[in-house]
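In my numbering, the protein residues as written are 26 to 524. Even for Gly, the Cβ is constructed at its ideal location relative to N, Cα and C. Since the structure is predicted, the reported quantities are computational estimates derived from the model, not experimental observations. Down below is the structure, laid out as structure tokens.
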């Protein structure tokens, strides 16, 4: 319902830019809340904090990454060393040489023992020489084929992988990060509430300042008319010889002073309206009229006294400044947990699928093929030279500082609430006294005018009565506005200034 009313107020406020715009306190508040840039920034901060909180929740979930690529290598992967390749390529030659040498030594030994004659030995050596060449060639071919079969064409390598990472235990870091994100979201909301209350407070101050100056403008004009009327009467009396020129000069001085007061009030009213327009977010040159500025009084119900003592404890939950400081303490506590988690064991579950071409699992076959893998990664800090203790201690000290600042701010706010309560009571007393003074000043002015017309009072007596009447009226205006502003101050001190 409040939203619908605000929309109607905004629509009504924007109608007819060239015509005079009449604004109530509620419409000024609605315009300010809609157009204030700081409040709009706070709303954006709230959206940002919400997205950060959602992002923090994803840290509980597994992360899936995919990677792929191509690489050219100037050299291929070799399963054999150069010496092994050389030996295999000369396998037949080496075998034939070794076998021929062994048989020749054996035949020579048999000849020396007289087992076989030299002619037979010569024939055997010839046969061995004839068989050695084919055997060497065949052996070399076999060795060469083995070398070729063990070669890998790995100049061009294609690869790809899908990797899965699931945190199992991170020392409480993920929980702390999520808690910080939630607290930060509350902090953004409290900041928006603080700026909203500050905007409403500024609007109320500016609104009632305009009303006060408008009332004083009317009073200044009324006072000017009074002294002009007195000046006219004195001039007539001077012509009749009843009053002196000195009386006329004294009245002229009062007329000039009254005109100067009107000029000053007019200038102040224009500037205050420009300031109100700026706070409302509308052009400062707009011609605005406030609903309360032309009323005879502010319709204050004096029966509604704020004698009851405001509950100061509720200010702890209502004042956005205290809530923001409490958020700071909570964030500092979670930051300590985050520092501690950095030095606790971390357990991570990993898995994935790896594919490559050539296929390293099947003799570097020129096909895409892969394999699944799963594993557990554990990280345990062993020795950090007490770095963790120092950091945790520093973080706890930061928390203690934030708590002390919160206590100090609470005491100041309680003092502010008490002061605001006294101001409210004082404003009501001033208004009661001002209303009584009005009656006395009006009666005094009536008697002075009557006595002046009867010739039993001097012009100075009338001017004194007029001045007293003006002061009484001005004090009444100030007292009425003070009642309004003191209530606004108390609401802001209690943190209940709402629209």
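Report task. Run through the region 372-406 for me and flag every whole beta strand (DSSP E) of 3 or more residues, listed as ranges in chain order. Result -> The qualifying runs are 394-404.
Requested in this report: State yes or no: is the C-beta of residue 76 within less than 9 angstroms of the C-beta of residue 215?
Outcome: no
Query raised in the report: Could you give the C-beta distance for residue 366 and residue 224, rounded to a whole number, given that I count them as a contact under 8 angstroms?
Result: Their Cβ separation, rounded to whole angstroms, is 40 angstroms, which puts residue 366 and residue 224 out of contact at 8 angstroms.
Requested in this report: Please list, in chain order, all residues of the same chain as residue 412 whose beta carbon is under 8 angstroms from its beta carbon, the five residues on each side excluded.
Outcome: Here the set comprises 368.
Report task. Have a look at 460, 263, 364 and 382 and flag the residue whose alpha-carbon is nearest the alpha-carbon of residue 186. Result -> Nearest C-alpha to residue 186: 382.
Requested in this report: Report yes or no: is there a C-beta of chain B within less than 9 angstroms of the C-beta of residue 69?
Outcome: Among the protein chains of the structure shown there is no chain B, as only one such chain exists.
Query raised in the report: Roughly how many angstroms lie between the CA atoms of residue 266 and residue 272, to the nearest whole one?
Result: Rounded to the nearest angstrom, the two C-alpha atoms are 12 angstroms apart.
Query - C-alpha distance - residue 521 paired with residue 474, whole-angstrom precision - result: 50 angstroms
Query - Limits of the unbroken beta strand (DSSP E) element including residue 344 - result: Element bounds for residue 344: n/a, residue is neither H nor E.
Query raised in the report: DSSP puts residue 183 in a beta bridge; with which residues?
Result: 95 and 382
Query raised in the report: In the DSSP assignment, what are the bridge partners of residue 88?
Result: 190
Requested in this report: For the region 226-250, list the alpha helix (DSSP H) runs that are entirely contained and at least 4 residues long, ordered along the chain.
Outcome: Segments of the alpha helix (DSSP H) lying fully in the region 226-250: there are none.
Query raised in the report: What's the call for residue 477, buried or exposed, on a 16-neighbour Cβ count within 10 Å?
Result: buried
Report task. With a 10 Å radius around its C-beta and 16 neighbouring C-beta atoms as the bar for buried, classify residue 98 as buried or exposed. Result -> exposed
Query raised in the report: residue 259: buried (16+ other C-beta within 10 angstroms of its C-beta) or exposed?
Result: buried
Report task. Report yes if the C-beta distance between residue 310 and residue 239 is below 9 angstroms; otherwise report no. Result -> A distance of 9 angstroms or more separates the beta carbons of residue 310 and residue 239.
Requested in this report: Pick out the complete alpha helix (DSSP H) segments inside the region 405-443, 4 residues or longer, and give them in chain order.
Outcome: Segments of the alpha helix (DSSP H) lying fully in the region 405-443: there are none.
Query - Cβ pair count under 8 angstroms reaching 3, the region 343-358 against the region 423-432 - result: yes
Query raised in the report: Does the distance from the CB of residue 243 to the CB of residue 301 come in under 9 angstroms?
Result: Taking 9 angstroms as the cut-off, the Cβ atoms of residue 243 and residue 301 do not count as close.
Report task. Using 10 angstroms around the beta-carbon of residue 514, count the other beta-carbons present and answer buried if the total reaches 16, otherwise exposed. Result -> buried
Query raised in the report: Comparing alpha-carbon positions, which option in 105, 394 and 247 lies nearest residue 286?
Result: Among 105, 394 and 247, the Cα nearest to that of residue 286 is on 247.
Query raised in the report: Which residues in the same chain have their Cβ closer than 7 angstroms to the Cβ of residue 405, if we skip the five residues on either side of it in sequence?
Result: 370
Query - Residues bridged to residue 46 (per DSSP) - result: 313
Report task. Let me know if residue 195 comes out buried or exposed under the rule of 16 or more other beta-carbons within 10 Å of its beta-carbon. Result -> buried
Query raised in the report: residue 395 and residue 373 look like a contact to me (Cβ under 8 angstroms); what is the Cβ gap, rounded to whole Å?
Result: In fact, because the Cβ distance is near 22 angstroms, the residues do not count as touching under 8 angstroms.
Query - the region 188-208 contacting the region 385-392, beta-carbon criterion three pairs below 8 angstroms - result: no
Query raised in the report: Roughly how many angstroms lie between the CA atoms of residue 419 and residue 219, to the nearest whole one?
Result: 30 angstroms
Requested in this report: Counting only runs of 4+ residues fully inside the region 247-312, write out the alpha helix (DSSP H) ranges in chain order.
Outcome: Counting whole runs of 4 or more residues, the region 247-312 contains the alpha helix (DSSP H) stretches 270-305.
Query raised in the report: Which residues does DSSP pair with residue 176 in a beta bridge?
Result: 103
Query raised in the report: Would residue 457 be called buried (16 or more neighbouring beta carbons within 10 Å of its own) or exposed?
Result: exposed
Query raised in the report: Are at least three pairs of beta-carbons, each pair with one atom in the region 444-459 and one in the region 493-512, less than 8 angstroms apart?
Result: yes
Query raised in the report: How about residue 241 and residue 290: are their beta carbons less than 9 angstroms apart?
Result: Their beta carbons are under 9 angstroms apart, which means residue 241 touches residue 290 by this criterion.
Query raised in the report: Expressed to the nearest angstrom, what Euclidean distance is found between the alpha-carbon atoms of residue 516 and residue 340?
Result: 10 angstroms
Query raised in the report: So what's residue 357 in DSSP terms, helix, strand or just coil?
Result: helix
Requested in this report: Would you mind giving the Cβ-Cβ distance between residue 462 and residue 500, rounded to the nearest angstrom? I have them listed as a contact below 8 angstroms.
Outcome: About 7 angstroms; that satisfies the 8 angstroms criterion.
Query raised in the report: Taking just the CA atoms, how far does residue 78 sit from residue 526?
Result: As shown, the chain starts at 26 and ends at 524. That puts residue 526 outside it, with no answer to give.
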